Amino acid sequence: MPSTKFPAPRKHPSRRGKVRKEFWLDPRALRRAQTLLGAETERETVELALDLVAFRQELGEGLRTLAGLELDRRD
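Using my numbering, the letters of the sequence shown correspond one by one to residues 21 to 95.
What follows is the structure, given as structure tokens:
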């Protein structure tokens with residue numbers, strides 16, 4: 021019977037579509053964000069924080085759209 025081989029797990033997340041950056045960050049702010057976001061790594065913390073910035077923009081756009089709607093009151 022042939023053996024089933026699975027690919028070895030990757031040690032690092034995929035780098036495809038990513039750019040390398042180097043930052044000086046306040047370690048307390050980074051740890052706080054990591055805790056609040058429930059992130060396992062500092063890298064994941066930064067990526068989640070960037071996603072939240074984009075989501076905040078999308079929420080604002082949605083709210084501005086909703087503010088322009090006329091709603092009928094239904095009893």
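Don't be surprised by glycine CBs; every beta carbon is placed ideally from N, CA and C. Nothing here was measured: the structure is a model prediction, and the numbers come from that model.
Membership of Glu-78 in the alpha helix (DSSP H) is indicated by the continuous run 62 to 87. Between Thr-65 and Ala-53, the C-beta gap is smaller than 9 Å, which places the two residues in contact. Bounds of any alpha helix (DSSP H) do not take in Ala-59, whose DSSP letter is neither H nor E. With a cutoff of 9 Å on beta-carbon distance, Leu-57 and Ala-69 are scored as near each other.
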